[in-house]
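If you count by UniProt numbering, then the sequence shown holds residues 1 to 519, one letter each, in order. Have a look at the structure below, then the notes.
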Amino acid sequence: MQSEPETVCNVAISFDRCKITSVTCSCGNKDIFYCAHVVALSLYRIRKPDQVKLHLPISETLFQMNRDQLQKFVQYLITVHHTEVLPTAQKLADEILSQNSEINQVHGAPDPTAGASIDDENCWHLDEEQVQEQVKLFLSQGGYHGSGKQLNLLFAKVREMLKMRDSNGARMLTLITEQFMADPRLSLWRQQGTTMTDKYRQLWDELGALWMCIVLNPHCKLEQKSSWLKQLKKWNSVDVCPWEDGNHGNELPNLTNALPQGANANQESMGQCKSLEYQHLPAHKFLEEGESYLTLAVEVALIGLGQQRIMPDGLYAQEKVCRNEEQLISKLQEIELDDTLVKIFQKQAVFLLEGGPYSGLGEVIHRESVPMHTFAKYLFTSLLPHDAELAYKTALRAMRLLVLESAAPSGDMTRPHHIASVVPNRYPRWFTLSHIESQQCELASTMLTAAKGDVRRLETVLESIQKNIHSSSHIFKLAQDAFKIATLMDSLPDITLLKVSLELGLQTLLTTALSLPSS
Numbered sequence: 001m002q003s004e005p006e007t008v009c010n011v012a013i014s015f016d017r018c019k020i021t022s023v024t025c026s027c028g029n030k031d032i033f034y035c036a037h038v039v040a041l042s043l044y045r046i047r048k049p050d051q052v053k054l055h056l057p058i059s060e061t062l063f064q065m066n067r068d069q070l071q072k073f074v075q076y077l078i079t080v081h082h083t084e085v086l087p088t089a090q091k092l093a094d095e096i097l098s099q100n101s102e103i104n105q106v107h108g109a110p111d112p113t114a115g116a117s118i119d120d121e122n123c124w125h126l127d128e129e130q131v132q133e134q135v136k137l138f139l140s141q142g143g144y145h146g147s148g149k150q151l152n153l154l155f156a157k158v159r160e161m162l163k164m165r166d167s168n169g170a171r172m173l174t175l176i177t178e179q180f181m182a183d184p185r186l187s188l189w190r191q192q193g194t195t196m197t198d199k200y201r202q203l204w205d206e207l208g209a210l211w212m213c214i215v216l217n218p219h220c221k222l223e224q225k226s227s228w229l230k231q232l233k234k235w236n237s238v239d240v241c242p243w244e245d246g247n248h249g250n251e252l253p254n255l256t257n258a259l260p261q262g263a264n265a266n267q268e269s270m271g272q273c274k275s276l277e278y279q280h281l282p283a284h285k286f287l288e289e290g291e292s293y294l295t296l297a298v299e300v301a302l303i304g305l306g307q308q309r310i311m312p313d314g315l316y317a318q319e320k321v322c323r324n325e326e327q328l329i330s331k332l333q334e335i336e337l338d339d340t341l342v343k344i345f346q347k348q349a350v351f352l353l354e355g356g357p358y359s360g361l362g363e364v365i366h367r368e369s370v371p372m373h374t375f376a377k378y379l380f381t382s383l384l385p386h387d388a389e390l391a392y393k394t395a396l397r398a399m400r401l402l403v404l405e406s407a408a409p410s411g412d413m414t415r416p417h418h419i420a421s422v423v424p425n426r427y428p429r430w431f432t433l434s435h436i437e438s439q440q441c442e443l444a445s446t447m448l449t450a451a452k453g454d455v456r457r458l459e460t461v462l463e464s465i466q467k468n469i470h471s472s473s474h475i476f477k478l479a480q481d482a483f484k485i486a487t488l489m490d491s492l493p494d495i496t497l498l499k500v501s502l503e504l505g506l507q508t509l510l511t512t513a514l515s516l517p518s519s
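So this is what it looks like as structure tokens:
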């Protein structure tokens, strides 16, 4: 500002193999990031390298001096900075003249201008104390004053570091995690048996996601992974370390508002969204011909979504399973499929259908395996224009919901009160079951719409609905959907779809009638 007096700051920057390893500035500003003066000097060095004179390490310069020159050098140094260095100079002189001093037991002398050894690790400068203080401050504000936003900015900085393969990324995340573990609210919530706030849960989720990025980094060394594993186990053994489901109490949030509805729910409002353009960037090393970073990213996403995994225990963890799946599918929907990507979809769909126990679309899965309805709906709509047979095969395989297909419990099942007392115990841990059943219904409705006019496929979809959907309300909804699709204004009624609607309506009536108490 013109009204402010100009200030001069003394800045010192140390480099080691093209990295800034330490900085000091007399401005006194304390922050995680470099002050403006350090940035200015760095830019000056980059833009005008010829204006910054390079010197040999001071040890090399001293080696070239004779005795008289060395004495003159030391005396002038003390004269110029006598108030700062004279006590230290006298102390060092006394120690050097003493044969038994510790300084005389060490060969040579340190040289801060010489840089590190080629074998030493060189890291970008990171003010660890400031990182700890900032995170502690943000956490103490309890989510107010934009502290959550500031923490997310720190997480974004860690992601940027990881992208640049900066080893400070793991260092910075370690410092952040230590402050999270030291948050006094964790002990308080544990003692009171109450749940942490949703905002705080989301911060812990991001913390865990970043650690997964670090430990899965293919470029890190084995000893680094061993060190991180030891540290993670240490944190996990602490009593106040939050559970994955985030619940220490018995309080259950309202699932209606907690879960997103459909794969598009994570975008902004059985117009404001950002428009991104994805392109194939060739990846030359260790890859097959025609592969790009985009094809690899899509293939990895499909593999991850199709992995068989057991439904976790806690409410919050189950919500997170659904939320993460739908977020990833939403990201995939931003990509326009070309011929290359369609081939990736076809290859992965076949692999998943023929896969063994690793695949959630395999022929045999665990009873409590996470259902594939949402993922299969996305696969179905993506494959349908290109390979209809594979699209239907994938969607029909995904229609199952084995957790509702357990063997009938013993007892007199002809009496309604026996059914009411037994059914809730068949799936005690599936808090998100109603959401899962709605996704199953959406998949079935999508297939009914696509199969209009195809008698064989409509009959196959109807059989799948009758076999796999157990909710009478969802069967009734599908009967309504089939009727609407069959009687669209711009076309003649589809007789087969009308028959499907009738059969589903009759099934709903029969199921409802059987559940009513007998007079």
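Glycine included, C-beta positions come from ideal geometry on N, C-alpha and C. If you're wondering where the values come from, they're calculated on a predicted model, not measured in any experiment.
- Task: Please classify residue 8: is it buried, with 16 or more other beta-carbons within 10 angstroms of its beta-carbon, or exposed?
- Result: Here the question's residue 8 lines up with position 8 in the sequence shown. Flag for residue 8 reads exposed.
- Nearest-angstrom Cβ-Cβ length linking residue 440 and residue 270, presumed shorter than 8 Å: Along the sequence shown, read from residue 1 onward, the residue named residue 440 stands at position 440. Along the sequence shown, read from residue 1 onward, the residue named residue 270 stands at position 270. About 5 Å separates the two Cβ atoms, so the contact holds.
- Query: Can we say the stretch 186-202 touches the stretch 226-242, given the rule of at least three CB pairs closer than 8 Å?
  - Reply: yes
- Message: Check this for me: beta carbons of residue 131 and residue 172, under 8 Å apart or not?
- Response: On the sequence shown, residue 131 is found 131 positions in, with the first residue counted as 1. On the sequence shown, residue 172 is found 172 positions in, with the first residue counted as 1. Closer than 8 Å, so yes.
- Report yes if the C-beta distance between residue 11 and residue 25 is below 8 Å; otherwise report no. For the purposes of this step, residue 11 is taken as residue 11 along the sequence shown, with counting starting at 1. For the purposes of this step, residue 25 is taken as residue 25 along the sequence shown, with counting starting at 1. The answer is yes: Cβ separation under 8 Å.
- Message: Taking only three categories from DSSP, how would you classify residue 111?
- Response: In the sequence shown, residue 111 corresponds to position 111, counting from 1. Three-state result, residue 111: coil.
- Query: Which partner residues does residue 11 have in the DSSP bridge list?
  - Reply: The count along the sequence shown starts at 1 and reaches residue 11 at position 11. Paired residues: 25.
- DSSP state of residue 64 mapped onto helix, strand, coil: Here residue 64 refers to the residue found at position 64 of the sequence shown. Reduced to three states, the DSSP call for residue 64 is coil.
- Within 10 angstroms of the Cβ of residue 111, are there 16 or more other Cβ atoms? Answer buried if so, exposed if not. Translated into the one-based positions of the sequence shown, residue 111 becomes position 111. The residue in question, residue 111, is exposed, as its Cβ has fewer than 16 Cβ neighbours within 10 Å.
- Query: Do you know offhand how far residue 472's Cα is from residue 154's?
  - Reply: On the sequence shown, position 472 is the one that residue 472 refers to. On the sequence shown, position 154 is the one that residue 154 refers to. The alpha-carbon atoms of residue 472 and residue 154 are separated by roughly 48 Å.
- So, residue 78 versus residue 89, is the Cβ gap smaller than 8 Å? The count along the sequence shown starts at 1 and reaches residue 78 at position 78. The count along the sequence shown starts at 1 and reaches residue 89 at position 89. Yes, they are a contact pair.
- Message: Quick check: the Cα distance between residue 376 and residue 345, rounded to an integer number of angstroms?
- Response: Here residue 376 corresponds to residue number 376 of the sequence shown, with the count starting at 1. Here residue 345 corresponds to residue number 345 of the sequence shown, with the count starting at 1. One C-alpha to the other measures close to 12 Å.
- Item | Beta-bridge pairing of residue 282 - partner residues as DSSP gives them | Stepping through the sequence shown from its first residue, residue 282 is reached at position 282. DSSP lists 292 as partners of residue 282.
- DSSP state of residue 310 mapped onto helix, strand, coil: Looking up residue 310 in the sequence shown gives position 310. In the structure shown, residue 310 sits in a strand (DSSP, three-state: E or B).
- According to DSSP, is residue 20 helix, strand or coil? Here residue 20 refers to the residue found at position 20 of the sequence shown. It is a strand residue.
- residue 356 to residue 395 span [Cα, whole Å]: Looking up residue 356 in the sequence shown gives position 356. Looking up residue 395 in the sequence shown gives position 395. Their Cα atoms are separated by approximately 18 Å.
- Query: How would you write the range of the alpha helix (DSSP H) that residue 201 sits in, first residue to last?
  - Reply: For the purposes of this step, residue 201 is taken as the residue at position 201 of the sequence shown. 198-215 is the span of the alpha helix (DSSP H), which, as asked, contains residue 201.
- Task: Below 8 Å on the Cβ atoms is my guess for residue 203 versus residue 148; work out the distance and round it to an integer in Å.
- Result: Position 203 of the sequence shown holds residue 203. Position 148 of the sequence shown holds residue 148. Correct: roughly 7 Å between the Cβ atoms.
- Task: Give a yes or no on contact between the stretch 486-497 and the stretch 507-516, applying the rule of three or more CB pairs nearer than 8 Å.
- Result: no
- Message: Just to confirm the assignment: which complete alpha helix (DSSP H) runs, minimum length 4, are found wholly within the stretch 429-516?
- Response: 433-450, 455-468, 472-486, 495-515
- Item | Residues that DSSP places opposite residue 359 in a beta bridge | For the purposes of this step, residue 359 is taken as residue 359 along the sequence shown, with counting starting at 1. According to DSSP, which records beta bridges pairwise, residue 359 is partnered with 307.
- Item | Same chain only: Cβ atoms within 6 Å of residue 510, ignoring 5 sequence neighbours per side | In the sequence shown, residue 510 corresponds to position 510, counting from 1. Taken in chain order, the list of residues that qualify is empty.
- Item | Buried or exposed by the 16-neighbour rule on C-beta atoms within 10 Å, applied to residue 98 | In the sequence shown, the residue the question calls residue 98 occupies position 98. Label assigned to residue 98: exposed.
- If you check the beta carbons only, do residue 482 and residue 508 fall under 8 Å apart? Against the sequence shown, residue 482 aligns to sequence position 482. Against the sequence shown, residue 508 aligns to sequence position 508. In this structure, residue 508 does not lie closer than 8 Å to residue 482 by Cβ.
- Put residue 330 into one of helix, strand or coil per three-state DSSP. What you label residue 330 is simply residue 330 of the sequence shown in a count that begins at 1. Residue 330: helix per DSSP, three-state reduction.
- Message: To the nearest angstrom, how far is the alpha carbon of residue 170 from that of residue 162?
- Response: Looking up residue 170 in the sequence shown gives position 170. Looking up residue 162 in the sequence shown gives position 162. Those two C-alpha atoms are separated by around 8 Å.
- Item | Whole-angstrom distance between residue 334 and residue 275, CA atom to CA atom | Taking the first residue of the sequence shown as position 1, residue 275 is located at position 275. Taking the first residue of the sequence shown as position 1, residue 334 is located at position 334. Confidence at residue 275 is low in this model, with a pLDDT of 49, below 50, so the placement of that residue should be treated as unreliable; the coordinate-derived value is given next. The straight-line gap from Cα to Cα measures roughly 7 Å.
- Could you have a look at residue 101 and say whether DSSP puts it in helix, strand or coil? Residue mapping note: residue 101 aligns to position 101 of the sequence shown, counting from 1. Here residue 101 sits in coil by DSSP.
- Message: DSSP has residue 369 in a bridge; who is on the other side?
- Response: Indexing the sequence shown from 1 puts residue 369 at position 369. For residue 369, which the question treats as bridged, DSSP gives the partners 310.
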